[in-house]
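Quick note: the sequence shown uses my numbering, first residue 706, plus one each step. Every residue gets a Cβ at the ideal spot worked out from N, C-alpha and C, and that includes glycine. All remarks here apply to the structure that follows.
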Amino acid sequence: MNSLTNEAQHIIYIAEPVAKVEAIKKLAILWKSDASLKIGKATKPEDPSYPPKLKLCPPREMPKRGRDYSTENRIALLHALSYIEFNAMNLACDLVARFADPILPRAFYDDWVLVAEQEAEHFDLLSTRLNTFGINYGDLPAHDGLWDAARSTSHDLLARLAVVPLVLEARGLDISP
Ligand SMILES: [Fe+2]
């Protein structure tokens, strides 16, 4: 690993979920164990890569999810949450790579590497549960709304922090069953 920002950008482009989770875990172990690792220069990551099978569609074209606890609805909910966690891994890596700035303390990066690691764990737990229903992450469609917010806040760290984790991710926690 030549720098934290380069590795974070590289992880955004990993489409295969298991490989992405493993790369984040490896990065977190390295970052925590080697204080000499360089933060690196800010990069401008392109949009993330997704598993080829995953169909991204506008929110209004998503199939409506029922509210009862049928197997079908539970699968749809687990897939939607897995998608959110997959995005959350990308968002944490994008934040580190894009907004790296010598003015920020090393603790800022410590926190966001920890967030990426925790999101990887959440994805791992949810997708493993999904697998028990015979479904893999990518088998159902997902909507692209969360990354729209990442795109529209790519110019400004404070805008990103305000809109994505403080509003969208927090609201997601409030409205999800
Ligand atoms: Fe999460």
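- Here the alpha carbon of Lys730 sits roughly 6 Å from the alpha carbon of Glu822.
- If only uninterrupted alpha helix (DSSP H) runs of at least 4 residues are considered, those enclosed by the segment 766-853 are 776-803, 811-836.
- Residue pairing of Leu761 in beta bridges, as defined by DSSP: Ala847.
- Following the DSSP letters along the chain, one finds Glu712 inside the alpha helix (DSSP H) bounded by residues 709-717.
- Per DSSP, the continuous alpha helix (DSSP H) segment holding Lys725 begins and ends at 722-738.
- In this structure the segment 804-815 lies against the segment 734-754, because at least three pairs of beta carbons, one per stretch, are closer than 8 Å.
- Taking a contact to require three or more Cβ pairs closer than 8 Å, the segment 831-845 and the segment 781-791 qualify as touching.
- In chain order, Lys760, Cys762 place their CB closer than 6 Å to the CB of Pro846, counting only its own chain and leaving out the 5 sequence neighbours on each side.
- Cβ contact annotation for Ile719 (same chain, cutoff 8 Å, sequence separation greater than five): Lys725, Ala728, Ser754, in chain order.
- Less than 8 Å divides the Cβ of Tyr842 from the Cβ of Pro722.
- A residue is listed when its beta-carbon falls short of 6 Å from at least one non-hydrogen atom of ligand 1; in chain order these are Glu790, Ala793, Glu824, His827.
- Counting along the chain, the unbroken alpha helix (DSSP H) around Gly877 starts and ends at 875-880.
- Around the beta-carbon of Tyr774, fewer than 16 other beta-carbon atoms lie within 10 Å, marking it exposed.
- Of Ala855, Thr776, Val872, Arg770, the smallest CA-CA separation from Asp799 is found for Ala855.
- Assignment of Pro870 by DSSP, reduced to helix, strand and coil, places it in the helix class.
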